[in-house]
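If you count the sequence shown from 1, position 194 lands on 194 in full-length UniProt numbering, and the numbers rise without skipping.
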Amino acid sequence: RVAKRGLQAEATGGDHGREQAGKPSYIELSQKRAVCRRLTSYIRLCDYMVINSLSVLAMKATRDANTDLKFPRAHAPPPVQEDDKKDKHRKPKKVEEPSGPFMGMIFTADILYNEESPSVVISPSMTSFTQSVDELMRDYIKMVSNVQRLAQMDAFKVYTEHAIIDHGGDAEFGFGPDVGEMVKAEEEYNNLAQGVRSSLTKAFRAVEEYKDEFETFKDMYVENS
Numbered sequence: 001r002v003a004k005r006g007l008q009a010e011a012t013g014g015d016h017g018r019e020q021a022g023k024p025s026y027i028e029l030s031q032k033r034a035v036c037r038r039l040t041s042y043i044r045l046c047d048y049m050v051i052n053s054l055s056v057l058a059m060k061a062t063r064d065a066n067t068d069l070k071f072p073r074a075h076a077p078p079p080v081q082e083d084d085k086k087d088k089h090r091k092p093k094k095v096e097e098p099s100g101p102f103m104g105m106i107f108t109a110d111i112l113y114n115e116e117s118p119s120v121v122i123s124p125s126m127t128s129f130t131q132s133v134d135e136l137m138r139d140y141i142k143m144v145s146n147v148q149r150l151a152q153m154d155a156f157k158v159y160t161e162h163a164i165i166d167h168g169g170d171a172e173f174g175f176g177p178d179v180g181e182m183v184k185a186e187e188e189y190n191n192l193a194q195g196v197r198s199s200l201t202k203a204f205r206a207v208e209e210y211k212d213e214f215e216t217f218k219d220m221y222v223e224n225s
């Protein structure tokens, strides 16, 4: 019986030893957590670089919109064309893409006679134009805000979850600020957005003045109809 108990104790001790051997030690766990913290810091750094790039893109899109919609628009002088007949042996130059603001037509409006009023109206109205441009500006912000952060991706959760646990289980830890809110808080963005609305108002006022020139003809038509 004593021998049997000894064998049982030895077997139980061997199983416990194997279980202990399969578990990582405290030092190994500490080392793994330290590596995860460093990787999480690197992931957060990459996220902040992405946030900065997205903010720059949103500002550039807004700046381009302000330039393209500026009113009155500056007329660029036509490019100087060289006479190829002077030198027949000269190799033709590569056609360079035009640089600078877009000089083509962006919006069109119709001046119509409304028989029900009767009145001369502009279609679409200024409200429609303003709403369309405001929606375009919001799309810039929405586009950069919808880009997923690296810290939120499932591929990196194996590293970031340890940092989240160390910070009290805050799931928002390391995600950084909202890009859209950052852009809208910039003074330059607000000035550019105000510049776009001001240009639209000036352009529509010019169309209103042109529309008023038809009032005389409208009155003549109403009197003789």
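Here a beta-carbon is modelled for each residue, glycine too, at the ideal position from N, C-alpha and C.
Task: Per-residue DSSP class, three states only, for residue 114 - done: The residue you call residue 114 lines up with position 114 of the sequence shown. In the structure shown, residue 114 sits in a strand (DSSP, three-state: E or B).
- [ ] Would you mind stating whether residue 141 and residue 211 have Cβ atoms separated by less than 8 Å?
- [x] Along the sequence shown, one-based indexing puts residue 141 at 141. Along the sequence shown, one-based indexing puts residue 211 at 211. No, the Cβ-Cβ distance between residue 141 and residue 211 is not below 8 Å.
Open item on the list: Can you look up residue 119 in the DSSP assignment and give me helix, strand or coil?
Closed with: Numbered from its first residue, the sequence shown carries residue 119 at position 119. In this structure, residue 119 counts as strand in the three-state DSSP scheme.
- [ ] Using only alpha-carbon positions, find the residue among 201, 55, 60 that is nearest to residue 178.
- [x] Locating residue 178 in the sequence shown gives position 178, counting from the first residue. Selected option, being the one with the closest Cα: 55.
TODO: Provide the residue span of the alpha helix (DSSP H) that contains residue 23, from first to last.
DONE: Mapped onto the sequence shown, residue 23 falls at position 23. No alpha helix (DSSP H) contains residue 23, which DSSP labels as neither H nor E.
Open item on the list: Out of 44, 120, 35, 161, which one is the CA nearest neighbour of residue 209?
Closed with: On the sequence shown, position 209 is the one that residue 209 refers to. Distances from the alpha-carbon of residue 209 to those of 44, 120, 35, 161 put 120 closest.
Task: Any 3 or more C-beta pairs closer than 8 Å across the segment 142-160 and the segment 43-50 - done: yes
Open item on the list: Which same chain residues end up closer than 7 Å to residue 113 when comparing Cβ atoms and leaving out the 5 residues on each side of it in sequence?
Closed with: For this step, residue 113 is matched to residue 113 along the sequence shown. 120, 218.
Task: Between the CA atoms of residue 115 and residue 137 - distance to the nearest angstrom - done: Along the sequence shown, read from residue 1 onward, the residue named residue 137 stands at position 137. Along the sequence shown, read from residue 1 onward, the residue named residue 115 stands at position 115. For residue 137 and residue 115, the distance between alpha carbons rounds to 36 Å.
Task: Rounded separation between residue 192 and residue 35 - CA only - done: As a position in the sequence shown, residue 192 is number 192, starting the count at 1. As a position in the sequence shown, residue 35 is number 35, starting the count at 1. Approximately 44 Å, taken between the alpha carbons.
Task: Simplified DSSP state of residue 142, which is helix, strand or coil - done: Translated into the one-based positions of the sequence shown, residue 142 becomes position 142. Looking at residue 142 - three-state DSSP - the assignment turns out to be helix.
Task: Local Cβ density within 10 Å of residue 69, reported as buried at 16 or more and exposed below that - done: Within the sequence shown, numbered from 1, the residue matching residue 69 stands at position 69. Label assigned to residue 69: buried.
- [ ] Closer than 7 Å by C-beta to residue 33: which residues in its own chain qualify, once you throw out the five before and the five after it? Chain order, please.
- [x] The sequence position of residue 33 within the sequence shown is 33, counting from 1. Same-chain partners within the cutoff: 162.
TODO: Verify whether the separation of the beta carbon atoms of residue 130 and residue 197 is less than 8 Å.
DONE: Reading the sequence shown from its first residue, position 130 is the one you call residue 130. Reading the sequence shown from its first residue, position 197 is the one you call residue 197. Taking 8 Å as the Cβ cut-off, residue 130 and residue 197 qualify as a contacting pair.
Open item on the list: According to DSSP, is residue 69 part of a helix, a strand, or is it coil?
Closed with: As a working mapping, residue 69 is identified with position 69 in the sequence shown. The answer is coil: DSSP assigns residue 69 none of H, G, I, E or B.
- [ ] Look up residue 219 in the DSSP assignment and say whether it is helix, strand or coil.
- [x] Locating residue 219 in the sequence shown gives position 219, where the first residue counts as 1. Helix.
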